[in-house]
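So the structure is just underneath, and the comments pick up after that.
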Amino acid sequence: RGHEPVLVDPLEKKLPLLDRMYKEFPKGKAPKVLGDLAALYRRADGFVIVTGEYNQSVQPALKNLLDHFLEEYFWRPSTIVSYSAGRFAGVRAAVALRTILAELGMPSLPSVLSIPTIGSILTEDGHSNEAWIDKAASRFLAEFEWYAQALAVKRKDGTPY
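Residue numbers for the sequence shown follow our numbering, beginning at 125 and rising by one.
So, in structure tokens, the structure goes:
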């Protein structure tokens, strides 16, 4: 599709536990990792949020990552990929995540790509073993691309406030 996605893995970023948001630090005093992520997010046209399921909700490291920011997400669409080792495909986490994303100002799209039994559907290098996942992912990404492009144009025209 010609995009340059950037993977932000909360475990690799080693973010501090949230005690204040990025915007609450005095200018130039936030941890470097937060400043780098804020700049990355401001350049993004949208967010593909990937979540497993932890106690029927979003994984704690992902929630911590998301909560460090706010305005950086505004007027950018988000879409959800959920997965699990079992047959529920992380859908309970996806439902919880919709509310979080809306509160953060990045509305989630109607479609969710939910992957059950991830260990048997995806290979270790990320390729699918089943044709349905390729078809579903293609449609899912086409919808996300459409919204990301549309909202990018509107952001250039100005934002509601």
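Cβ atoms here follow ideal geometry from the backbone N, Cα and C, with glycine treated the same way.
### Message
Measuring only the C-alpha atoms, how far is His251 from Thr283?
### Response
Counting from one through the sequence shown, the residue named residue 251 turns up at place 127. Counting from one through the sequence shown, the residue named residue 283 turns up at place 159. Computed Cα separation, rounded: 39 Å.
(Q) Using C-beta distances below 7 Å, list every residue in its chain close to Leu194, excluding the 5 sequence neighbours before and after it, in chain order. (A) To locate residue 194, count along the sequence shown from 1; it is residue 70. Around Leu194: Met145, Lys147, Leu228 and Gly229.
Original post:
When we look at the beta-carbon of Phe149 and count the other beta-carbons within 10 Å, is it buried (16 or more) or exposed?
Top reply: Walking along the sequence shown from the start, residue 149 turns up at place 25. Residue environment: Phe149 is assigned as exposed (fewer than 16 neighbouring CB atoms within 10 Å of its CB, all protein chains considered).
**Rounded C-alpha distance that separates Gly243 from Ala209** = Locating residue 243 in the sequence shown gives position 119, counting from the first residue. Locating residue 209 in the sequence shown gives position 85, counting from the first residue. Approximately 6 Å between the Cα atoms of the pair.
**Prompt:** Does the distance from the CB of Ala162 to the CB of Glu136 come in under 7 Å?
**Reply:** As a first step, residue 162 is located in the sequence shown; it is residue number 38 there, counting from the start. As a first step, residue 136 is located in the sequence shown; it is residue number 12 there, counting from the start. The answer is no: Cβ separation not under 7 Å.
Exercise for review: Confirm, please, whether the CB-CB distance from Thr175 to Leu186 is below 7 Å.
Suggested key: Residue mapping note: residue 186 aligns to position 62 of the sequence shown, counting from 1. Residue mapping note: residue 175 aligns to position 51 of the sequence shown, counting from 1. It is a contact, given that the beta carbons lie within the stated cut-off.
**Request:** With a floor of 4 residues, list each alpha helix (DSSP H) that falls wholly inside the stretch 150-186, ordered by position along the chain.
**Result:** 156-167
Worksheet entry | For Tyr207 and Ile257, believed in contact at Cβ under 8 Å, the rounded distance | Counted from its first residue, the sequence shown places residue 257 at position 133. Counted from its first residue, the sequence shown places residue 207 at position 83. Between Tyr207 and Ile257 the Cβ distance is about 11 Å, and since that is not below 8 Å, they are no contact.
- Query: Is Leu102 near His192, with beta carbons less than 7 Å apart?
  - Reply: Outside the displayed range of the chain (125 to 285) lies residue 102, so it cannot be described from this structure.
Worksheet item: DSSP three-state call for Leu139: helix, strand or coil?
Response: Looking up residue 139 in the sequence shown gives position 15. In the structure shown, Leu139 sits in coil (DSSP, three-state: anything other than H, G, I, E or B).
Would you give the residue range spanned by the alpha helix (DSSP H) that Thr223 belongs to? Sequence index remark: in the sequence shown, residue 223 carries index 99 (1-based). Here the alpha helix (DSSP H) through Thr223 covers Val215 to Glu227.
So Pro134 and Asn188 are in contact, right, with Cβ under 8 Å, and what is the actual spacing, rounded? Counted from its first residue, the sequence shown places residue 134 at position 10. Counted from its first residue, the sequence shown places residue 188 at position 64. Pro134 to Asn188, Cβ: 7 Å. Contact.
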